[in-house]
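Sequential numbering from 9 applies to the sequence shown in the numbering used here.
Contents: one structure, followed by commentary.
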Amino acid sequence: MLFKLILPQWPSDDRPLTRKGTFRTFPFVVLLDGIDQTAIGVDGKVICVKATDLIDVLKMKKVVGSLDPDLNIGKISQDSRDIQSGDLFVCIDGTQVDGHNYVEKAVANGAGLIVAHKDIQRLAATVPVVYVPDTGKAMSLLANHFYAYPSESMKVIGVTGTNGKTTVTYLVEAILKAMDKKTGLMGTIEMHIGDEVHKTKNTTPDSITMQKSLHLMVEKKTEYFTLELSSIALEMGRAWGLDMDVAIMTNLTHEHMEFHHTMEAYAEAKKLLFSQLGNGRKNGRTKTAVLNADDETIHSYRIATAAEVISYSVKDETADFFAADIAYSRTQTRFNLVVYGERYPVVTNLVGLYNVSNTLAALAAVYALGIPLEHASKAVASLAGVTGRLEIVPGASDIGVYVDFAHSPDAMEKVLSVVREFTQGRVISVFGGAGEREHEKRPIMARIGTELSDYVVLTTDDTGKEPQEQIISMMLAGIEKDNYEYIENRKEAIVYAITIAEPGDTVILLGRGHEADYNDRGRMIRLLDSEVAAEAIELRNKRLADKA
């Protein structure tokens with residue numbers, strides 16, 4: 009393996025931060041086989057912050073042990089395996105792993121300081137411990153300070169809601185790019201820094217990864233940053249300390265019950281974004297909450313925020329942003345944006361009423377940031393589409409094949425309703441139920457699928473370690489019609505659905521969208537619906553050609 013190390017050159021003096029503390033930066037790049045391993049790091053720079061200055065951002069804390077006043081923290085991590093000499097280890101009690109159980113490993117690796125909320129004194133040995141009420145929020149505050157409060161240097165748009173988050177973030181980014189703005193994006197599919205693209209693991213990453221990425225965006229002179237914020241991330245404090253300009257709520261429907269347990273708790277988690285938005289000003293601009301007037305929860309979100317509110321609707325003409333004269337085809341949607349009596353024609357390559365709603369949210373957000381609507385409304389068309397969101401799989405001339413991420417009852421109902429409107433023949437859907445998640449929605453989705461499709465091919469979807477027999481039995485419990493069959497192997501199910509499609513039919517593959525990592529009984533394999541569909545279309549075309 010080729011290995012090249014560029015040695016650090018320390019500067020002669022400390023550079024003061026905008027807040028308490030100092031840091032040093034120096035070039036440090038490691039190349040493995042010619043690949044820059046710092047791709048989503050701090051652009052080849054290492055930061056050091058005095059430990060005493062760093063923990064000063066934590067107001068409610070108790071320090072146990074002797075903290076060296078000269079200790080410099082070179083890294084914060086919640087993973088004990090990443091800890092090196094003098095690093096700060098934060099014990100996060102997550103959904104699957106409790107970091108408090110890995111204190112000894114962190115100490116053995118050289119941790120210089122530990123943040124915890126459980127008693128770990130015996131495990132920490134001589135390493136000083138900072139006890140806090142909530143390590144998740146503490147880690148967000150620490151990471152924010154460590155990376156010099158990067159969100160303060162950009163205009164930040166946060167998007168939450170059950171469905172539509174990814175589409176709204178892509179729309180906002182596309183509009184801003186069309187205005188020649190330097191943009192960053194972080195979400196379910198990937199992270200963008202200008203034209204750079206990096207794959208992501210979660211809708212919203214941990215706060216260290218987030219702040220590190222934002223610091224890199226600032227280094228790259230990013231002006232606008234748009235991110236998806238899941239309810240789980242909000243409840244776990246990953247976005248704590250983010251200085252946002254605009255917060256968007258798309259909708260609230262049944263999802264993540266395995267984590268929140270009740271819809272009330274789920275709704276409260278979403279409200280955290282709007283309560284932390286505040287009522288101040290940033291960059292001379294009032295903070296803004298963009299709310300969906302067509303969602304019955306709008307009133308509770310309106311009173312949860314002190315920020316200025318912009319409402320949007322596809323039904324209520326009294327909303328601040330209203331869509332009139334909506335018309336759509338298989339490939340496009342057209343409508344007139346109505347704001348204070350002014351009408352702006354909008355053409356989007358996204359299809360369906362729910363995507364009109366998503367477009368309104370994006371337009372309201374950029375308007376709040378000062379982008380003129382006469383320009384923003386035209387820029388919407390610059391977004392060709394979003395991967396895995398009613399994504400067309402090309403190659404079939406007589407049928408339509410689409411891939412969509414819909415994995416909740418509401419999302420499935422909306423997507424199938426849209427597909428029905430532009431389909432001349434049959435709607436054939438393929439979907440399964442994900443293992444180890446939300447048992448109660450399985451029969452609901454199976455019922456919706458069979459009611460809104462002409463034919464359904466039931467299959468698997470990330471079974472995990474849960475028996476597939478259990479998953480399918482729960483799905484079958486919700487079905488009253490006989491317009492379905494079950495093919496366990498997802499690849500075979502997709503191929504079969506496309507094989508039986510006749511001219512004018514539409515095949516819609518639901519539940520996975522952009523996802524390529526497939527959990528098959530605990531074994532990870534690659535399975536991307538669009539790839540399987542493309543191969544099936546090619547086989548179908550060859551078979552049709554042979555018959556001709």
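C-beta: ideal position from N, C-alpha, C; glycine also.
Note that the stretch 177-197 touches the stretch 376-388; at least 3 beta-carbon pairs, one per stretch, sit closer than 8 Å. For Phe154, the closest C-alpha among the options Gly292, Leu131, Gly82, Gln129 is that of Gly82.
Straight through space, the alpha carbons of Leu466 and Lys555 are spaced by roughly 29 Å. Inclusion of Ser93 and Ala114 in the CB contact set at 7 Å is not warranted, their separation being larger than that value. Between Ile379 and Met187, the gap from beta carbon to beta carbon is short of 7 Å. By the beta-carbon neighbour count (other beta carbons within 10 angstroms, threshold 16), Val355 is exposed. DSSP lists Tyr410 as the bridge partner or partners of Ile400. Closest option to Leu547, judged by alpha-carbon separation, among Ala509, His522, Ile516: Ala509.
Within the stretch 249-305, complete beta strand (DSSP E) segments of at least 3 residues are found at 254-257, 296-300, given in chain order. When the Cα atoms are used, Ala376 and Tyr232 turn out to be separated by approximately 13 Å. Contact annotation, Met194 with Leu235: C-beta distance approximately 4 Å; criterion of less than 8 Å satisfied. The beta carbon of Asp324 lies closer than 6 Å to those of Ala301 in the same chain, with the five residues before and after it left out. Rounded to whole angstroms, the separation of the alpha carbons of Leu280 and Glu399 is 32 Å.
Our two residues, Pro158 and Leu150, have alpha carbons roughly 13 Å apart in a direct line. Following the DSSP letters along the chain, one finds Leu62 inside the alpha helix (DSSP H) bounded by residues 59-63. With a minimum length of 3 residues, the unbroken runs of beta strand (DSSP E) contained wholly in the stretch 52-114 fall at 70-72, 96-98. It is roughly 10 Å from the alpha-carbon of Phe343 to the alpha-carbon of Arg351.
For Asp469, DSSP records a beta bridge to Ala442. Distance from the CA atom of Gly286 to the CA atom of Ala312, rounded to whole angstroms, is 10 Å.
Looking at the DSSP output, Pro417 sits in no beta bridge, so it has no partner there. Within the stretch 332-408, the complete beta strand (DSSP E) runs of at least 3 residues fall at 341-347, 350-356. If you ignore the 5 residues before and after Gly393, its C-beta comes within less than 8 Å of the C-beta of Asn357, Leu358, Glu399, Ile400, all in its own chain and listed in chain order. Closest by C-alpha distance to Ser239, out of Lys278, Tyr178, Ala419, is Lys278.
DSSP, reduced to helix, strand and coil, places Met483 within a helical segment of the structure shown.
Just measuring C-alpha positions, the residue of Cys99, Ala124, Gln86 sitting nearest Met68 is Ala124.
The beta carbon of Val464 sits closer than 7 Å to those of Ser437, Gly457, Thr458, Asn491, Tyr492, all from its chain and outside the five residues before and after it, given in chain order. With fewer than 16 neighbouring CB atoms inside 10 Å of its own CB, Gln432 falls in the exposed class. Counted as a single uninterrupted DSSP element, the alpha helix (DSSP H) harbouring Leu242 occupies residues 239-243. The beta carbon of Val71 sits closer than 6 Å to those of Val138, all from its chain and outside the five residues before and after it, given in chain order. Residue ranges of uninterrupted beta strand (DSSP E) with 3 or more members, entirely inside the stretch 179-242 and ordered along the chain, are 191-194, 198-201, 204-207, 232-236.
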